Amino acid sequence: MSAKAAIHNGKKDADPYRVGYFRFELDAGLWLLATGSESELGLLTRLLKGISALGGERTSGFGAFNLTESEAPAALTPTVDAASLMTLTTSLPTDDELEAALAGATYRLVKRSGFVASSTYADMPLRKRDIYKFAAGSVFSRPFQGGILDVSLGGNHPVYSYARPLFLALPESAA
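With the UniProt record's numbering as the guide, the letters of the sequence shown map in order to residues 1 to 175.
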């Protein structure tokens, strides 16, 4: 924790507040996995190199990072040969994939619901359709594609929920 003070240009007293932060261990950090054409990946790289930091409090020195490009680790490019696959994201198989995905799976379901955050969706706040997804950390014996679901309920435009998995291939000893 770090103590800070918000200054209001002399109009009132400064308001103290705290900022929480954490540090990554050496050789640890955030990953960004991206696919695309050579020009799209080049643009992404240029954009990331142009950013000096991520998150809030950047002017106070927080969020600095070093960009390192590398190929995706083999564990993040699973095949049907992997003994077990763990989801790193919430996800939901399509109706056609569900039965096969559940075979030998260990999972927890999480409910996703709430209101649509769009001023053009409706004149008043409307709820999204409730859906249940597999929680991150669920383990499956075979991969599935999942999908992008429309969770709108009668508004002026679709509202999408991303339900495609990102799998991590687990070593056989962890299965």
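Note that the Cβ used here is the ideal one computed from N, Cα and C, for glycine as well. Keep in mind the model is a prediction, meaning the values are calculated, not measured.
>> Residues in the same chain with beta-carbon distance under 6 Å from residue 144, minus the five sequence neighbours each way, listed in chain order, please.
In response: As a first step, residue 144 must be located in the sequence shown, where it is residue number 144. Excluding residues within five positions, the ones whose Cβ falls inside 6 Å are 93, 97 and 101.
> Could you give the C-beta distance for residue 155 and residue 122, rounded to a whole number, given that I count them as a contact under 8 Å?
Replying inline: As a first step, residue 155 is located in the sequence shown; it is residue number 155 there, counting from the start. As a first step, residue 122 is located in the sequence shown; it is residue number 122 there, counting from the start. Correct: roughly 5 Å between the Cβ atoms.
>> Against chain B, does residue 63 count as a neighbour if the rule is that its beta carbon must be under 9 Å from one of theirs?
In response: No chain B is present in this structure, which holds just one protein chain.
>> If you reduce the DSSP assignment to three classes, tell me which class residue 13 lands in.
In response: The residue labelled residue 13 in the question sits at position 13 within the sequence shown. Reduced to three states, the DSSP call for residue 13 is coil.
> Which one of 113, 46 and 59 has the shortest CA to CA distance from residue 159?
Replying inline: If you number the sequence shown from 1, residue 159 lands on position 159. The option with the nearest alpha carbon to residue 159 is 113.
> Taking Cβ to Cβ, would you say residue 149 is nearer than 9 Å to residue 138?
Replying inline: Against the sequence shown, residue 149 aligns to sequence position 149. Against the sequence shown, residue 138 aligns to sequence position 138. No, these two residues do not count as a Cβ contact at 9 Å.
>> Please report the straight-line C-alpha distance between residue 52 and residue 82, rounded to a whole angstrom.
In response: As a position in the sequence shown, residue 52 is number 52, starting the count at 1. As a position in the sequence shown, residue 82 is number 82, starting the count at 1. Their backbone Cα atoms lie some 38 Å apart in a straight line.
>> On the criterion of 16 or more Cβ atoms from any shown chain inside 10 Å, does residue 67 qualify as buried, or is it exposed?
In response: Against the sequence shown, residue 67 aligns to sequence position 67. Note on residue 67: under 16 other CB atoms within 10 angstroms of its CB, so exposed under the neighbour-count rule.
> If you draw a straight line from the alpha carbon of residue 89 to that of residue 18, how long is it in whole angstroms?
Replying inline: Within the sequence shown, numbered from 1, the residue matching residue 89 stands at position 89. Within the sequence shown, numbered from 1, the residue matching residue 18 stands at position 18. If you take the alpha carbons of residue 89 and residue 18, they lie about 30 Å apart.
>> If you measure between the beta carbons of residue 151 and residue 128, is that distance less than 9 Å?
In response: Taking the sequence shown and counting its residues from 1, one reaches residue 151 at position 151. Taking the sequence shown and counting its residues from 1, one reaches residue 128 at position 128. Yes, Cβ-Cβ distance for residue 151 and residue 128 is below 9 Å.
> By a C-beta neighbour count over all protein chains shown, 10 Å radius and 16 as the cutoff for buried, is residue 45 buried or exposed?
Replying inline: Looking up residue 45 in the sequence shown gives position 45. Around the beta-carbon of residue 45, fewer than 16 other beta-carbon atoms lie within 10 Å, marking it exposed.
> Going by alpha carbons, who is nearest to residue 172 out of 141, 120 and 62?
Replying inline: Taking the sequence shown and counting its residues from 1, one reaches residue 172 at position 172. Cα-wise, what sits closest to residue 172 is 141.
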